[in-house]
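Participant: One structure coming up, written as structure tokens, with questions to follow.
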Amino acid sequence: MNTLVNDIFSIETGQVTLLLPRKINGGRLSELLERIPYVSENVKSVSYSDQGHCAIINVESSEADQMDLLRSDLQELVEALLASKIAAQKTLKTRVRPSGLVSKKHVDDSMVYYNSADLKLIAGVDKLLVDIAIRHGASIREYGSIYSAEIMARNGYHKNFPQNVYGVTQISHNYALIKEIRESSSSTIPPGMFHSQGAFLQPCVCYHCYAEIQDSIQSNVLYTLKGRCFRHEIEWRLNNFRRNEFTMREIVFMGSPEYVESKRLTIMEDVWALFGALGLYGQIVTARDPFFHYDDMKTKGAVQLMADAKYELEFISEAGHSSSIASFNNCQDTLCAKFGITDFDSNVLHSGCVAFGIDRWRAALFEQYGGDCEVWPDLLNTSNNH
Numbered sequence: 001m002n003t004l005v006n007d008i009f010s011i012e013t014g015q016v017t018l019l020l021p022r023k024i025n026g027g028r029l030s031e032l033l034e035r036i037p038y039v040s041e042n043v044k045s046v047s048y049s050d051q052g053h054c055a056i057i058n059v060e061s062s063e064a065d066q067m068d069l070l071r072s073d074l075q076e077l078v079e080a081l082l083a084s085k086i087a088a089q090k091t092l093k094t095r096v097r098p099s100g101l102v103s104k105k106h107v108d109d110s111m112v113y114y115n116s117a118d119l120k121l122i123a124g125v126d127k128l129l130v131d132i133a134i135r136h137g138a139s140i141r142e143y144g145s146i147y148s149a150e151i152m153a154r155n156g157y158h159k160n161f162p163q164n165v166y167g168v169t170q171i172s173h174n175y176a177l178i179k180e181i182r183e184s185s186s187s188t189i190p191p192g193m194f195h196s197q198g199a200f201l202q203p204c205v206c207y208h209c210y211a212e213i214q215d216s217i218q219s220n221v222l223y224t225l226k227g228r229c230f231r232h233e234i235e236w237r238l239n240n241f242r243r244n245e246f247t248m249r250e251i252v253f254m255g256s257p258e259y260v261e262s263k264r265l266t267i268m269e270d271v272w273a274l275f276g277a278l279g280l281y282g283q284i285v286t287a288r289d290p291f292f293h294y295d296d297m298k299t300k301g302a303v304q305l306m307a308d309a310k311y312e313l314e315f316i317s318e319a320g321h322s323s324s325i326a327s328f329n330n331c332q333d334t335l336c337a338k339f340g341i342t343d344f345d346s347n348v349l350h351s352g353c354v355a356f357g358i359d360r361w362r363a364a365l366f367e368q369y370g371g372d373c374e375v376w377p378d379l380l381n382t383s384n385n386h
């Protein structure tokens, strides 16, 4: 075994210190800290110490077999990062919070439920986003929350991001089985009694649009849709900006390469203008999807950054914490090829989408203004009155 991690891996009870090679810096360091939590359920938190240039990893178990497995997995991750070409993140736009501006602190208790003020914020910001979509000629759609096995097989999300998905299982319509469950003294149903038909709770909403017009000839088309989404997040990372269940609004567009890129950029300008009009502070930066497999990280993710295929709008809190609240994506011909969507000359269409985390917009606005609608921007109150 390569001694790369063996030589820089030290263990104390409940904590692992990973001394990092000098080349793990900048984008590689950010990628490492983002990925370590996904290495093992045994990892409970991770932080970086610039004094020793090391990652501090808190673990649930320090048993030898667990540590051997963690050492091996970290070695593979570090080696993959050293072999990856991770382009530097670029900043396209910035709206800096004025120095000395101190906002009133608002206690956000929304992790368990949303109250009436939260729901007004959500409805208000969503109406403003729908208005942008309609100005660009969007057809409005709403679909169910489950992707069939066929749709998932075509889009491949579960293969690219297996760490995120929730599968759907069910009990067979079988009298003997149902009777057994009913007559059991157990308060639970054994997992073995459930079976899967390959369906998943939707992690995003856009694939419904592709499925609607799959295997068809189209010209330039544009949709907007909203739905509840579900992603298997790491429990200790959950907060008001990162949830297992959340609402996503998307604007999806398909057509010529020029049409798709033009729509992506013009919608991005409109969203940036809205962001400023709502009095929020942050930036638009180049980004990449969290591809789980290390080979994908070295290829697909690198291509995304180098091609500027993904931009993200980040809200930056008063404390300096950044959270992505929207993304602007050019998927090129990847998804239309998978769903058989072409133009009249049999050319596969290009596509893109703009995705909004509605709960994250709510959290950003609540942090800025709180729950009193009297101090909200007029734009929000106006949208709620229509």
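For the record, in the sequence shown the residue sitting at position 173 is 173 according to UniProt numbering, with numbers rising by one throughout. We treat Cβ as the ideally placed atom computed from N, Cα and C, and that holds for glycine.
Taking 8 Å as the threshold, find out whether the segment 13 to 27 comes into contact with the segment 205 to 214 through three or more Cβ pairs.
Facilitator: With the cut-off at 8 Å, the segment 13 to 27 and the segment 205 to 214 do not touch.
Participant: For the alpha helix (DSSP H) holding residue 387, just list the boundary residues, first then last.
Facilitator: An answer regarding residue 387 cannot be provided, because it is not within the stretch 1 to 386 covered by the chain.
Participant: Is DSSP giving Met111 helix, strand or coil here?
Facilitator: Reduced to three states, the DSSP call for Met111 is coil.
Participant: Using the Cα positions of Lys120 and Asn384, report the straight-line distance between them to the nearest angstrom.
Facilitator: Approximately 7 Å, taken between the alpha carbons.
Participant: So Glu31 is in the alpha helix (DSSP H); what residue range does that whole segment cover?
Facilitator: That run of the alpha helix (DSSP H) goes Gly26 to Val39.
Participant: Can you give me the Cβ contacts of Glu374 inside the same chain, cut-off strictly under 6 Å, excluding the 5 residues immediately before and after it?
Facilitator: None.
Participant: Out of Leu82, Ala117 and Arg95, state which residue places its alpha-carbon closest to the alpha-carbon of Arg362.
Facilitator: With distances taken between Cα atoms, Arg362 lies closest to Ala117.
Participant: Less than 7 Å between C-beta atoms, sequence neighbours within five positions excluded: which residues of the same chain meet that for Met67?
Facilitator: Contacts found: Ile11.
Participant: Out of Ile24, Ser62, Cys229 and Ser196, which one is the CA nearest neighbour of Ser41?
Facilitator: Position check: residue 41 holds Glu in this sequence, whereas Ser was assumed. Closest by alpha carbon: Ser62.
Participant: Using 8 Å as the cut-off, can you tell me whether the segment 238 to 249 makes contact with the segment 45 to 63, which would need three or more C-beta pairs spanning the two stretches below that distance?
Facilitator: With a cut-off of 8 Å, the segment 45 to 63 and the segment 238 to 249 do not count as touching, because too few Cβ pairs lie within range.
Participant: Would DSSP call Gly124 helix, strand or coil?
Facilitator: Three-state DSSP puts Gly124 in a helix.
Participant: Would you tell me roughly how many angstroms separate the C-alpha atoms of Leu230 and Ala153, rounded to the nearest one?
Facilitator: Note that residue 230 is Phe in the sequence shown here, rather than Leu. Looking at the two C-alpha atoms, the distance is approximately 18 Å.
Participant: Do Glu314 and Gly282 have their C-beta atoms closer together than 9 Å?
Facilitator: In this structure, Gly282 lies closer than 9 Å to Glu314 by Cβ.
Participant: Hey, which unbroken runs of the beta strand (DSSP E) at 3 residues or more fall wholly within the segment 50 to 121?
Facilitator: 54 to 59 and 91 to 95, all fully within the segment 50 to 121.
Participant: Please state whether the Cβ-Cβ distance between Glu367 and Ser317 is less than 9 Å.
Facilitator: Cβ distance < 9 Å, so Glu367 and Ser317 count as in contact.
Participant: Count the other CB atoms, across all protein chains shown, that sit within 10 Å of the CB of Arg237; report buried if there are 16 or more and exposed otherwise.
Facilitator: It is exposed - the Cβ of Arg237 has fewer than 16 other Cβ atoms within 10 Å.
Participant: Could you tell me whether the Cβ atoms of Leu335 and Tyr166 are closer together than 9 Å?
Facilitator: It is not a contact, given that the beta carbons lie outside the stated cut-off.
Participant: For His173, count the other beta carbons within 10 Å of its own beta carbon; 16 or more makes it buried, fewer makes it exposed. Which is it?
Facilitator: Exposed, by the Cβ-count rule.
Participant: I'd like the list of long-range same chain contacts for Lys104, defined as Cβ closer than 7 Å, with 5 residues on each side in sequence excluded.
Facilitator: Only Gly370 meet the Cβ criterion.
Participant: Who are the near neighbours of Asn330 in its chain, counting only those whose CB is closer than 7 Å to its CB and skipping five residues on each side?
Facilitator: These residues qualify, in order along the chain: Val260, Glu261, Arg264, Ala309 and Gly352.
Participant: Could you give the distance in angstroms between the alpha-carbon of Asn381 and the alpha-carbon of Ser322?
Facilitator: Asn381 and Ser322: Cα-Cα distance of roughly 26 Å.
Participant: Of all the alpha helix (DSSP H) runs that stay within the bounds of the segment 189 to 265, which reach a length of 4 or more residues?
Facilitator: Correct list: 207 to 212.
Participant: Got a sec, what are the start and stop residues for the alpha helix (DSSP H) Ala176 sits in?
Facilitator: Start and end: Tyr175 to Glu183.
Participant: Under the three-state reduction of DSSP, which class applies to Val43: helix, strand or coil?
Facilitator: It is a strand residue.
Participant: Could you please give me the residues that DSSP links to Ile140 through a beta bridge?
Facilitator: Thr224.
Participant: What is the residue span of the beta strand (DSSP E) that Thr17 lies within?
Facilitator: Taken as a continuous stretch (DSSP letters only), the beta strand (DSSP E) holding Thr17 covers Gln15 to Leu19.
Participant: Mind checking whether Lys90 and Thr266 have CB atoms under 9 Å apart?
Facilitator: Not in contact: Lys90 and Thr266 (Cβ atoms no closer than 9 Å).
Participant: Going along the chain, which residues of its own chain have a beta-carbon closer than 8 Å to the beta-carbon of Ile108, five neighbours each way excluded?
Facilitator: The sequence given here has Asp at residue 108, not Ile. The answer, listed in chain order, is Asn240, Ala363, Phe366 and Glu367.
Participant: DSSP beta-bridge partners for Asn160?
Facilitator: DSSP lists no partner for Asn160.
Participant: In the DSSP assignment, what are the bridge partners of Tyr48?
Facilitator: Tyr48 is bridged to Ala55.
Participant: Which residue's Cα is closest to the Cα of Met111: Asp359, Gln51, Asp372 and Pro377?
Facilitator: Nearest C-alpha to Met111: Asp359.
Participant: For Leu225, which residues from the same chain have a beta carbon less than 8 Å from its beta carbon, with the 5 sequence-adjacent residues on both sides left out?
Facilitator: Within the same chain, Leu225 has close Cβ partners Ile140, Arg141, Glu142, Tyr143, Val205, Cys206, His208, Cys209, Arg249, Glu250 and Val252.
Participant: What are the boundary residues of the alpha helix (DSSP H) that Phe339 is part of?
Facilitator: Where Phe339 is concerned, there is no enclosing alpha helix (DSSP H), given that its DSSP letter is neither H nor E.
Participant: Measuring alpha carbon to alpha carbon, tell me which residue in Arg71, Glu79, Ala123 and Leu29 is nearest Thr247.
Facilitator: For the residues Arg71, Glu79, Ala123 and Leu29, the minimum Cα distance to Thr247 belongs to Ala123.
Participant: Please classify Val102 as buried or exposed, where buried requires at least 16 neighbouring CB atoms within 10 angstroms.
Facilitator: Flag for Val102 reads exposed.
Participant: Tell me which residues share the same chain as Arg97 and place their Cβ nearer than 6 Å to its Cβ, disregarding the 5 neighbours each side in the sequence.
Facilitator: Contacts found: Tyr281.
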